[in-house]
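What follows is a set of notes on a single structure, which appears directly below.
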Amino acid sequence: MKSNDINGNAIDISIPLRFNGPQPNAYGVEPARAEACEYGDLVGDTRRGGSVNFERYTVISHCNGTHTECVGHITHERISIRECLKDVLMNAVLVSVEPVAISETDEAYPLNHEQQDTLITKKSLAEKLTSLQQEVPHSAFRVPQSEIPQSNIPHSAFRVPQSEIPHSKALIVRTLPNDDGKLTREYGTDAANAVKIPPYFTLEAMHYIVESGFTHLLCDLPSIDRIYDDGKLLNHRIFWNVEEGSRATNAATRINNTITELIYVSNEIEDGEYLLNLQIAPFDADCSPSRPILITTS
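Numbering (our numbering), first residue to last: 3 to 300.
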């Protein structure tokens, strides 16, 4: 499937939410749906004699499609994504990584797991960011220079002139293999009651993302943590700096950091630097459906 090219320079990497149609789903929750509003003789469906269409939408933002969440996702205090997301337009870097089998890495995720689980590691992220970093001034990336090995990895094309690239604030992670099945994939328990665990980040990878200075993380997964992790959400806690087991923020909590899950970045979009417009609905809630837009200059 081709990317959602808006006007030649803007690319939508959200998943269209097709109410009452095929859509992604996490944890087997109720699908998003739409139904015509009815009040007395007033019917919100022109096909049924109404003068206009107006519908009631039911959606579970965390599970039904592309969404952006804030630290209020894990706190007792009702913190709003509308208040936390301060960046309207930001520099972002897109990397493609292939998750590795849990038996093939020494990196950790110290909770229940299965041998078939696959992980996004610090090593894979560092290698990808390093290969991109070698094509632009080191100051353009927040990757420690001490971790830049010599590499012959072919460079990826950059969509923003190198002279205009400041520090990237957002990291966009596309997992491999990549296909448009992600537009409607069910994560968790399927119709046959079989548990399907998608890839997730190691703790080392999440610390690396934070230490590299990224404040917004976007991925094509339903969660940056293992979807069944006994409710620990260790990676969420690392990214926002909330103590394990705590339901409260602290003085060092990264209150303006955001996590966007269930994006889809089609294969023709090259790894590299972009401008990112992260659009959300003005929900006074911890999470909102969102529409991340990549902007190019070519």
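Built from N, CA and C at the ideal position, the CB exists for glycine as well.
For clarity, every value in this text was computed on a predicted model and none was experimentally measured.
Could you work out which residue in the options is closest to residue i when comparing CA atoms only?
i: E100; options: C289, Q135, Y202; result: Y202
i: P33; options: Y189, G46, T251; result: Y189
i: T70; options: L296, I297, A283, E116; result: A283
i: E254; options: D273, V212, G274, L280; result: One point to set straight first is that residue 254 is Ala, not Glu, in the sequence displayed. Of the candidates D273, V212, G274, L280, the one whose C-alpha sits nearest the C-alpha of A254 is V212.
i: D14; options: H169, L264, S63, F285; result: L264
i: Y230; options: A12, I83, S105, D119; result: D119
i: N55; options: C86, R35, L44; result: L44
i: R187; options: C65, S53, V95, T60; result: C65
i: F21; options: S53, V61, N11; result: V61
i: A110; options: K125, L96, V97; result: K125
i: I174; options: R58, L134, R84, S98; result: S98
i: G301; options: S248, H169, P224, L236; result: Because residue 301 is not part of the residues shown, which for the chain are 3 to 300, the question remains open.
i: L121; options: Q281, L223, E275, V244; result: L223
i: L127; options: S290, D273, T48; result: D273
i: C221; options: S82, L205, R176; result: R176
i: R256; options: S105, E137, Q136, I81; result: I81
Count the other CB atoms, across all protein chains shown, that sit within 10 Å of the CB of residue i; report buried if there are 16 or more and exposed otherwise.
i: P179; result: exposed
i: L113; result: exposed
i: D181; result: exposed
i: P200; result: buried
i: P146; result: The pLDDT assigned to P146 is 42, lower than 50, so where the model puts this residue is not dependable; a value taken from the coordinates is nonetheless given after this. Exposed.
i: I167; result: Because the pLDDT at I167 is just 37, under 50, the model does not fix this residue reliably, and the point stays unresolved.
i: A28; result: buried
i: N93; result: buried
i: V31; result: exposed
i: K4; result: For K4, the predicted model reports a pLDDT of 49, less than 50, meaning its position is unreliable and no value from the coordinates is stated.
i: R293; result: buried
i: Q117; result: exposed
i: R228; result: buried
i: V244; result: buried
i: S248; result: exposed
i: S63; result: buried
i: D288; result: buried
i: S16; result: buried
i: R50; result: exposed
Determine the extent of the beta strand (DSSP E) in which residue i is found, giving its start and end residues.
i: T132; result: Unbroken run through T132 is the alpha helix (DSSP H), 124-135; no beta strand (DSSP E).
i: R176; result: 172-177
i: C65; result: C65 -> not in any beta strand (DSSP E); alpha helix (DSSP H) instead, spanning 63-66.
i: N279; result: 274-282
i: L264; result: Where L264 is concerned, there is no enclosing beta strand (DSSP E), given that its DSSP letter is neither H nor E.
i: N93; result: 91-99
i: H238; result: Premise fails: H238 lies in the alpha helix (DSSP H), 236-242, not in any beta strand (DSSP E).
i: H69; result: 69-71
i: P291; result: 289-297
i: H218; result: 218-221
i: Y29; result: Note, Y29: premise wrong, no beta strand (DSSP E); not H, not E.
i: T60; result: 57-60
Output the boundary residues of the alpha helix (DSSP H) element that contains residue i.
i: C86; result: 83-86
i: E210; result: Checking the displayed sequence, the identity of residue 210 turns out to be Tyr instead of Glu. Start and end: 205-213.
Is residue j closer than 9 Å to residue i when the C-beta atoms are compared?
i: I261; j: I295; result: no
i: A207; j: T123; result: yes
i: G67; j: P18; result: yes
i: K171; j: H218; result: yes
i: L91; j: N252; result: no
i: N258; j: K130; result: no
i: K184; j: P291; result: no
i: R58; j: D286; result: no
i: Y276; j: L134; result: no
i: T107; j: T204; result: yes
How about residue i: is its Cβ closer than 8 Å to a heavy atom in the ligand FAD?
i: R239; result: With respect to the ligand FAD, the structure shown offers nothing to examine, as it has no ligands at all.
Exercise for the section: May I ask you to verify whether the region 262-275 touches the region 230-242, counting CB pairs closer than 8 Å and requiring at least 3? Expected result: No, because fewer than three Cβ pairs between the region 262-275 and the region 230-242 fall closer than 8 Å, the two stretches do not touch.
Exercise for the section: Say whether the region 36-45 touches the region 64-80, bearing in mind that this needs 3 or more beta-carbon pairs closer than 8 Å, one atom from each stretch. Expected result: Short answer: they don't touch.
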